[in-house]
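Chemist:
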Amino acid sequence: MTKNTTATLVEMKLRGEKISQLTCYDYTTARLVDAAGINTVLVGDSLGMTMQGYDTTLPVTLDEMIIYGRSVVRGCKNAFVIMDMPFMSYQASAEQALLSAGRLIKETGANAVKLEGGAAVCEQIKAITNAGIPVCAHIGMTPQSVNAFGGFKVQGKGEENARRVLDDALAVQEAGAFMVVLECVPPKLAALITKKVKMITIGIGAGAGCDGQVLVYQDMLGMTDGGAPKFVKCFSEIGKAMTEAFSAYDKAVKSGSFPAEENTYAKSDCPEEFLASLDKEYSDEE
Ligand code: KIV
Numbered sequence: 677m678t679k680n681t682t683a684t685l686v687e688m689k690l691r692g693e694k695i696s697q698l699t700c701y702d703y704t705t706a707r708l709v710d711a712a713g714i715n716t717v718l719v720g721d722s723l724g725m726t727m728q729g730y731d732t733t734l735p736v737t738l739d740e741m742i743i744y745g746r747s748v749v750r751g752c753k754n755a756f757v758i759m760d761m762p763f764m765s766y767q768a769s770a771e772q773a774l775l776s777a778g779r780l781i782k783e784t785g786a787n788a789v790k791l792e793g794g795a796a797v798c799e800q801i802k803a804i805t806n807a808g809i810p811v812c813a814h815i816g817m818t819p820q821s822v823n824a825f826g827g828f829k830v831q832g833k834g835e836e837n838a839r840r841v842l843d844d845a846l847a848v849q850e851a852g853a854f855m856v857v858l859e860c861v862p863p864k865l866a867a868l869i870t871k872k873v874k875m876i877t878i879g880i881g882a883g884a885g886c887d888g889q890v891l892v893y894q895d896m897l898g899m900t901d902g903g904a905p906k907f908v909k910c911f912s913e914i915g916k917a918m919t920e921a922f923s924a925y926d927k928a929v930k931s932g933s934f935p936a937e938e939n940t941y942a943k944s945d946c947p948e949e950f951l952a953s954l955d956k957e958y959s960d961e962e
């Protein structure tokens with residue numbers, strides 16, 4: 677397997693090969709995802725929900741992203757690592773965006789940053805790409821705007837909204853984005869956008885017509901509490917398997933069947949006579 681780069685990913689698009697992306701937030705999972713040959717890993721601010729238990733991504737800070745991102749980068753040999761820019765780390769100005777993106781790349785070793793918004797964040801995208809940092813944009817349903825949307829809802833429904841999503845895609849491409857996430861966009865619109873742009877489109881809830889797909893890894897492993905969104909496919913019931921394993925451990929500890937002799941360092945034990953003398957010595961001291 678070779679290291680994925682912006683160049684190899686663009687070549688994949690040109691050859692019509694699909695690009696795989698998963699979210700990831702820790703070293704162990706990153707190693708497994710990387711070993712599976714996933715092309716790109718997103719350290720998403722969805723970690724606010726999946727790792728920290730918040731209802732939205734809004735509370736996540738830049739410092740927190742850096743801690744999670746460093747661990748992921750250490751686990752990825754070949755996957756291209758993208759760091760999400762958390763809420764209010766880039767919205768204020770192009771300068772703020774550049775400084776935040778610089779920290780994310782410098783302090784984690786990741787390969788690119790992602791930020792949410794279309795035409796409204798083009799100045800930010802220009803500033804970051806001018807500094808040599810690849811940018812993945814994110815349009816359609818952008819979770820950091822959940823309060824403005826009034827919930828996590830499909831975007832681009834109806835002619836006016838569809839035109840706005842396409843215009844956003846063209847705007848972020850013009851500003852320098854090499855990749856765009858299309859979230860919760862109707863499939864025919866997502867396919868049209870993919871045809872109209874040179875940058876890579878990664879869909880989540882946007883149908884099969886995108887250049888690639890991303891999912892939150894806990895969703896595709898059945899690890900989320902409560903229902904996953906309609907666009908999620910559970911590829912393996914790992915959440916259930918984990919609960920069963922935890923429960924088997926609980927029973928084994930409580931029944932005394934764990935640890936068994938093979939789980940101990942019995943061969944390194946002291947001779948029985950010495951332990952008996954220790955026992956006596958210490959009970960005499962009481
Ligand atoms: O934060 C995230 O995980 C994301 C993906 C869902 C695209 O933005």
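Quick note: the sequence shown uses the numbering used here, first residue 677, plus one each step. C-beta: ideal position from N, C-alpha, C; glycine also. Note that the coordinates shown come from a computational prediction; the quantities given were computed from them, not determined experimentally.
1) Do three or more CB pairs link the stretch 732-746 to the stretch 757-771 at distances below 8 Å?
2) Since Ala-813 and Leu-791 are thought to touch, with beta carbons under 8 Å apart, how far apart are those beta carbons, to the nearest angstrom?
3) Looking only at DSSP bridge pairs, what is Val-749 linked to?
4) Can you list the residues near ligand 1, meaning Cβ strictly closer than 7 Å to any non-hydrogen atom, in the order they appear in the chain?
5) Using a threshold of 7 Å, state whether the C-beta atoms of Leu-891 and Ile-914 are closer than that.
6) Under 8 Å by Cβ, that's how I've got Ile-758 and Ala-711 pegged, so tell me the actual separation to the nearest angstrom.
7) From the DSSP output, which residues share a beta bridge with Gln-889?
8) Short of 7 Å in beta carbon distance, which residues of its chain neighbour Ser-696, apart from the five on each side in sequence? Order them along the chain.
9) Kindly list the residues whose CB is nearer than 7 Å to the CB of Ala-795, restricted to its own chain and excluding five residues on each side of it in sequence; keep chain order.
10) What are the complete alpha helix (DSSP H) segments, minimum 4 residues, inside the stretch 715-776?
11) Tell me, to the nearest whole angstrom, how far the beta carbon of Ala-770 is from that of Glu-799; I am working on the premise that it is less than 8 Å.
12) State the start and end residues of the unbroken beta strand (DSSP E) segment that holds Met-855.
13) Within 10 angstroms of its Cβ, does Asn-939 collect 16 or more other Cβ (buried), or is it exposed?
14) Just to confirm, is the Cβ distance from Gly-852 to Ile-801 under 7 Å?
15) Look at the Cβ atom of Gln-849, then the Cβ atom of Met-817, and state whether they are nearer than 7 Å.
16) Is Ala-851 helix, strand or coil when you go by DSSP?
Modeler: Concretely, from the data shown:
1) yes
2) 7 Å
3) Paired residue(s): none; Val-749 is not in a bridge.
4) Thr-699, Leu-718, Gly-720, Asp-721, Ser-722, Thr-733, Asp-760, Lys-790, His-814, Pro-819, Val-857, Glu-859, Ile-880, Val-890, Val-892
5) no
6) With a Cβ gap of about 19 Å, Ile-758 and Ala-711 do not count as contacting.
7) Ser-696, Gly-879
8) Ile-714, Asn-715, Gly-888, Gln-889
9) Asp-843, Asp-844, Ala-847
10) 723-726, 738-751
11) 4 Å
12) 855-859
13) exposed
14) yes
15) no
16) helix
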